[in-house]
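K.L.:
Chains as they are written, first to last, in our numbering: chain A, 711 to 1125; chain B, 44 to 380.
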Amino acid sequence: MGTLAMSGCGPAQADNSLTWYINPDNGGQAAIAQKCSDESGGRYRIETSLLPSDAASQREQLARRLAAGDSSLDIMSLDPPFIPELAEPGFLAPVPEEVAESTTENVVEGALAGATWKDELVTVPFWANTQILWYRKSVAEAAGLDMSKPVTWEQIMEAAKSQDKSLGVQGAQAESMTVWVNALIESAGGSIIVDPEATADTIELGLDSDAGVAAAEVISTIGKDGLGGPGLPTQDENASLIAFQGDSGSFMVNYPFVWPATTAAVEAGTLDQAVVDDLGWGIFPRMTADQESAPPLGGINLGVGAESDNPDLAYEAVQCIVSVENQAEYFVTNGNPPSNTEAYEDPRIEETFPMAETIRDSLQVAAPRPQTPFYNEVSTGIQQRWAPPADVDPDSTPETSSDFITSVLRGEQLL
Amino acid sequence: MTSAIPAKTTTASSTEPGPRVERDTGTGNGKTKKPQKQYSDRVRAERRLGWILAGPAFVIMLLVTLYPILQAIYESLFRFRLTAPGEREFIGLGNYAVILSDPVWWSGLWTTVFITVVTVIVELVLGFALALVMHKALKSVRGLLRTAILVPYGIITVVSAFAWFYAFDINSGYVNNWFGWLPGIDENLNWFAQGPTALFVIMASEIWKTTPFISLLLLAGLAQVPDELSEAAKVDGATWWEQMRKVIIPNMKAAIMVAVLFRALDAFRIFDNVFIMTNGAYGTEVLSLLAYRQSISRLEIGLGSAVSVLLFLCVLLICFIAIKLFKVDLAGSQGGK
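Now the structure itself:
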């Protein structure tokens, strides 16, 4: 009965208790919450509350709670693309200056950009995620690719074709599609949104541009030539990893979780050690040989709810959570890379993640997804028009998707 | 349910067997309305008791359903985004104009209608067969049989949706492996990558899960068909099919129509299966999902409310068609007794 009554409308609050809404992980955030509570010497006690598993549902729950003025939202683990939407109506408590100063030093550029709205820091960067290129050394060798240098999409498409293997990309009609489209467009020197701070009526999209067409060419070729395998139209990050671990695996763009997931599968006996031995990694593929790529950027930032009863205490706890030590520990135990470059100095990291340097380098050049309060419309619009990959037409998709999203934003069409 | 008693009292009042048969066939055609109009004291007292018993529930139902419906209708007249509370603007029927002029709405509507029609028809046929099996089963296995048939209905829809999804999924599914010998199915078939195959899995899951419900309703109808009728038909030399078509089915028409109506309303509001399996991708968008996307994902309360109101009107239309055109009598569903 007691627990029932308490769960009625957010956890019951003692004066110094803080609620941290976390995204599901391997228990790392709960451990940090415990550690920081202990270290505070009784000043505060952080209780974690679990959000749904995918980013879109997390946003739905948080946005509804914030709009309803829920005061239990002390600390929130937020996916960066959704931050402008929450910052714009003032749902987030302002970050105190000294907190901003102490938590942004040595933080990678992309993570800072994701934490900022209208030139102001509105959340605190916690961990940062990025996609790197994973490959099977045997396939790259057979195709005659020199993997010591960055490769282009054209090269890996050619290699997959010549070796009759599948590329690991995310072609499902889901958030991962927007991540891919954004990375390709940014890598080609463009942007999905020209002016991120524009209103819904005046927003200008950069989909229908040379960069957009180049991105459509890559996606369409992979779809039409069957380079992504039969599972491509429903393939998300997990599904592409499973396919990559199989016989048809060749090259895959994916997040660092690939490493712990693969080694765990070997330990559990469901995967051959040979797969791990054959595994190579490098920076996200380029669009053209002479232009550095802009890999996807993800991660989690910490925000404090504007209606929180104790914003100062919450920010004190946030400072503890994002400490360099905790970020390093979180990477080692949960596989989520630090946003603070200093954390990579921790010797345990190199030991657990042999590709840590590639991840850090990737984070330095990674580009965030468009920062706009209308991110959900933009992203869903892209997903509906750019999936399945085989239906993408470089001559029309960039233009039609651009028109579609614009009219949805003006309230003239349904999504 | 309660009206079963007055029906008995009217038949009981006729003492001679001759006129009784006449009256029976008469009620079947819906001709004799006279005895129903002059209520006896007992019937009137029962009606009053019925209202007193059902009244409080009726009032509470009105409170909890009418208020949100009115609120949705009111909010559908605004352009209102939850994350931009300051920009709320009255636009009259603007949201409805946007929705009804949008091909997304119409394709969602057709998909929903398609799913409703196909699943209800298949469920009705399968459900009827199952009901016959349950009805005819030996007493010793009847309980076990009913439990077995009811198991799918007892499973939470989200759970069954995941089970079906993983069974057909190209990475983890076993269906391609098991049914590879069928034409058109091989290990490279991605069921959820195009509309027709995805809809097939969605509808199959829906049918598997809710056929037990229909079969239960039909079983109740079957149980109300007096055995003497089919026995009499048998004596007259009617084949099994003739007994079915001329005696049993006409006598349980009300039960069938109630089952169809309930399932049609349910099927029209399909959400879980689509949400879990495809999330509306590749031509599997249904109206509930469309409403969800506008109100919950986009937080466009105005537009989302308008979609919900239109969805509600569609459901009302189905009720109207069923009750007025097909004359489903929800109050007295005891066959053509």
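A virtual CB, placed ideally from N, CA and C, is assigned to each residue, including glycine.
Please read these numbers as outputs of a predicted model, since none were measured by experiment.
#1: Would you list the residues sitting across from Arg-996 (chain A) in a DSSP beta bridge?
#2: If you follow the alpha helix (DSSP H) that Val-329 (chain B) is part of, which residue opens it and which one closes it?
#3: Would you grab the beta carbon distance between Ser-1112 (chain A) and Leu-894 (chain A) for me? Rounded to a whole angstrom, and I think it's under 8 Å.
#4: Between the segment 996–1005 of chain A and the segment 742–760 of chain A, do three or more beta carbon pairs fall short of 8 Å?
#5: Within 8 Å, do at least three Cβ pairs link the segment 829–846 of chain A to the segment 918–927 of chain A?
#6: Starting from Pro-1047 (chain A), follow its DSSP beta bridges and name the residues at the other end.
#7: Distance, Cα to Cα, Leu-342 (chain B) vs Glu-896 (chain A)?
#8: Under 8 Å Cβ to Cβ from Arg-1120 (chain A), same chain only, skipping five residues before and after it: list those, please.
#9: Report the three-state DSSP secondary structure of Thr-758 (chain A) (helix, strand or coil).
#10: On the premise that Pro-1006 (chain A) lies in contact with Ala-1076 (chain A), defined as a C-beta separation below 8 Å, what is that separation, rounded to the nearest angstrom?
#11: Is Asn-733 (chain A) close to chain B, meaning its C-beta is less than 8 Å from at least one C-beta of that chain?
#12: Quick check: the segment 928–937 of chain A against the segment 842–861 of chain A, are there 3 or more CB pairs under 8 Å?
#13: So what does Thr-826 (chain A) bridge to, in DSSP terms?
#14: Just the chain B side, please: which residues come within less than 9 Å of Ala-777 (chain A) by C-beta, in chain order?
#15: Mind checking Leu-187 (chain B): buried by the 16 CB within 10 Å criterion, or exposed?
#16: Kindly confirm or deny that the segment 302–313 of chain B and the segment 94–112 of chain B touch, where touching means at least three C-beta pairs closer than 8 Å.
#17: May I have the straight-line CA-CA distance separating Thr-713 (chain A) from Glu-977 (chain A), to the nearest angstrom?
#18: Specify the secondary structure class of Leu-917 (chain A) as computed by DSSP and reduced to three states.
#19: In whole angstroms, what separates the C-alpha of Lys-296 (chain B) from that of Gly-227 (chain B)?
#20: Check this for me: beta carbons of Ala-204 (chain B) and Asn-316 (chain B), under 8 Å apart or not?
#21: Beta carbons nearer than 9 Å to chain B: which residues of the segment 1106–1125 of chain A have them?
#22: If Thr-15 (chain B) and Ile-299 (chain B) are in contact, beta carbons under 8 Å, what's the gap, nearest whole angstrom?
#23: Is it right to say Gly-824 (chain A) is buried, meaning 16 or more other beta carbons lie within 10 angstroms of its own, or is it exposed?
#24: Quick one: Cα of Ser-1117 (chain A) to Cα of Gln-1123 (chain A), how far?
#25: Can you list, in chain order, the residues of its chain whose CB lies under 6 Å from that of Thr-1090 (chain A), leaving out five sequence neighbours each side?
#26: Ends of the alpha helix (DSSP H) at Asn-220 (chain B)?
#27: Entirely within the segment 190–253 of chain B and at least 4 residues each: give me those alpha helix (DSSP H) ranges in chain order.
#28: What first and last residue would you give for the beta strand (DSSP E) that runs through Ile-785 (chain A)?
#29: Under the assumption that Ala-803 (chain A) contacts Val-1014 (chain A) (Cβ atoms under 8 Å), give the Cβ distance between them as a whole number of angstroms.
#30: Who are the Cβ neighbours of Ala-869 (chain A) in its own chain at under 6 Å, not counting the five residues just before and after it?
#31: Tell me which same chain residues have a C-beta within less than 8 Å of the C-beta of Arg-1079 (chain A), skipping the five on either side of it?
#32: Who are Met-962 (chain A)'s beta bridge partners in DSSP?
#33: 8 Å is my cut-off, CB to CB: does Gln-983 (chain A) come that close to chain B?
#34: For a contact defined as C-beta to C-beta under 7 Å, what are the partners of Ile-142 (chain B) on chain A?
#35: Quick one: give me the first and last residue of the alpha helix (DSSP H) that Thr-980 (chain A) is part of.
#36: Measure the alpha-carbon distance for Phe-363 (chain B) versus Asn-1020 (chain A) and round it to whole angstroms.
P.N.:
Reading from the atomic positions:
#1: What you label residue 996 (chain A) is simply residue 286 of the first sequence in a count that begins at 1. According to DSSP, which records beta bridges pairwise, Arg-996 (chain A) is partnered with A:Thr-862.
#2: Reading the second sequence from its first residue, position 286 is the one you call residue 329 (chain B). Unbroken run through Val-329 (chain B): none, as it is neither H nor E.
#3: On the first sequence, position 402 is the one that residue 1112 (chain A) refers to. On the first sequence, position 184 is the one that residue 894 (chain A) refers to. About 15 Å; that fails the 8 Å criterion.
#4: no
#5: no
#6: Start at 1 with the first residue of the first sequence, and residue 1047 (chain A) comes out as number 337. None, per the DSSP bridge assignment.
#7: The residue given as residue 342 (chain B) occupies position 299 in the second sequence. The residue given as residue 896 (chain A) occupies position 186 in the first sequence. Their Cα atoms are separated by approximately 28 Å.
#8: In the first sequence, counting from the first residue as 1, residue 1120 (chain A) sits at position 410. Once the five neighbours on either side are set aside, the close Cβ partners of Arg-1120 (chain A) are Ala-910, Asp-911.
#9: One-based indexing of the first sequence puts residue 758 (chain A) at position 48. Reduced to three states, the DSSP call for Thr-758 (chain A) is strand.
#10: The count along the first sequence starts at 1 and reaches residue 1076 (chain A) at position 366. The count along the first sequence starts at 1 and reaches residue 1006 (chain A) at position 296. Between Pro-1006 (chain A) and Ala-1076 (chain A) the Cβ distance is about 7 Å, and since that is below 8 Å, they are a contact.
#11: Position 23 of the first sequence holds residue 733 (chain A). Not an interface residue.
#12: no
#13: The residue labelled residue 826 (chain A) in the question sits at position 116 within the first sequence. Its beta-bridge partners are A:Leu-831.
#14: Along the first sequence, one-based indexing puts residue 777 (chain A) at 67. Ordered by position in chain B, the residues that pass the 9 Å Cβ test against Ala-777 (chain A) are Leu-125, Thr-126, Pro-128, Leu-342.
#15: As a first step, residue 187 (chain B) is located in the second sequence; it is residue number 144 there, counting from the start. Flag for Leu-187 (chain B) reads exposed.
#16: no
#17: The residue you call residue 713 (chain A) lines up with position 3 of the first sequence. The residue you call residue 977 (chain A) lines up with position 267 of the first sequence. With a pLDDT of only 41 at Thr-713 (chain A), under the threshold of 50, the placement of this residue in the model should not be trusted; the figure read from the coordinates follows. Going from the Cα of Thr-713 (chain A) to the Cα of Glu-977 (chain A) covers about 38 Å.
#18: Taking the first sequence and counting its residues from 1, the one referred to as residue 917 (chain A) is at position 207. Leu-917 (chain A) falls in the coil class under three-state DSSP.
#19: By one-based count along the second sequence, residue 296 (chain B) stands at place 253. By one-based count along the second sequence, residue 227 (chain B) stands at place 184. Approximately 39 Å, taken between the alpha carbons.
#20: Residue numbering aside, residue 204 (chain B) sits at position 161 when the second sequence is read from its first letter. Residue numbering aside, residue 316 (chain B) sits at position 273 when the second sequence is read from its first letter. A contact, by the Cβ cut-off of 8 Å.
#21: Val-1118, Gly-1121, Glu-1122, Gln-1123, Leu-1124, Leu-1125
#22: Lying outside 44 to 380, the shown extent of chain B, residue 15 (chain B) is not represented and no answer is given.
#23: For the purposes of this step, residue 824 (chain A) is taken as the residue at position 114 of the first sequence. So Gly-824 (chain A) counts as buried.
#24: In the first sequence, the residue the question calls residue 1117 (chain A) occupies position 407. In the first sequence, the residue the question calls residue 1123 (chain A) occupies position 413. Going by the C-alpha atoms only, they are around 6 Å apart.
#25: If you number the first sequence from 1, residue 1090 (chain A) lands on position 380. Here the set comprises Leu-1125.
#26: Numbered from 1 along the second sequence, position 177 holds the residue referred to as residue 220 (chain B). Asn-220 (chain B) -> alpha helix (DSSP H) spans 218–221.
#27: 200–211, 218–221
#28: The count along the first sequence starts at 1 and reaches residue 785 (chain A) at position 75. Taken as a continuous stretch (DSSP letters only), the beta strand (DSSP E) holding Ile-785 (chain A) covers 785–788.
#29: For this step, residue 803 (chain A) is matched to residue 93 along the first sequence. For this step, residue 1014 (chain A) is matched to residue 304 along the first sequence. Their Cβ separation, rounded to whole angstroms, is 4 Å, which keeps Ala-803 (chain A) and Val-1014 (chain A) in contact under 8 Å.
#30: Taking the first residue of the first sequence as 1, we reach residue 869 (chain A) at position 159. Excluding residues within five positions, the ones whose Cβ falls inside 6 Å are Ala-853, Leu-855.
#31: By 1-based counting over the first sequence, the position of residue 1079 (chain A) is 369. Answer for Arg-1079 (chain A): Pro-790, Pro-791, Thr-888, Val-889, Asn-892, Ile-902, Pro-1006, Leu-1007, Tyr-1085, Ser-1089, listed in chain order.
#32: Taking the first sequence and counting its residues from 1, the one referred to as residue 962 (chain A) is at position 252. Paired residues: A:Trp-844, A:Gly-878.
#33: Translated into the one-based positions of the first sequence, residue 983 (chain A) becomes position 273. Taking Cβ atoms only, chain B never reaches closer than 8 Å to Gln-983 (chain A), which makes this a no.
#34: Looking up residue 142 (chain B) in the second sequence gives position 99. Chain A residues near Ile-142 (chain B): Leu-1124.
#35: Walking along the first sequence from the start, residue 980 (chain A) turns up at place 270. Element bounds for Thr-980 (chain A): n/a, residue is neither H nor E.
#36: Stepping through the second sequence from its first residue, residue 363 (chain B) is reached at position 320. Stepping through the first sequence from its first residue, residue 1020 (chain A) is reached at position 310. Distance between the alpha carbons of Phe-363 (chain B) and Asn-1020 (chain A) is about 54 Å.
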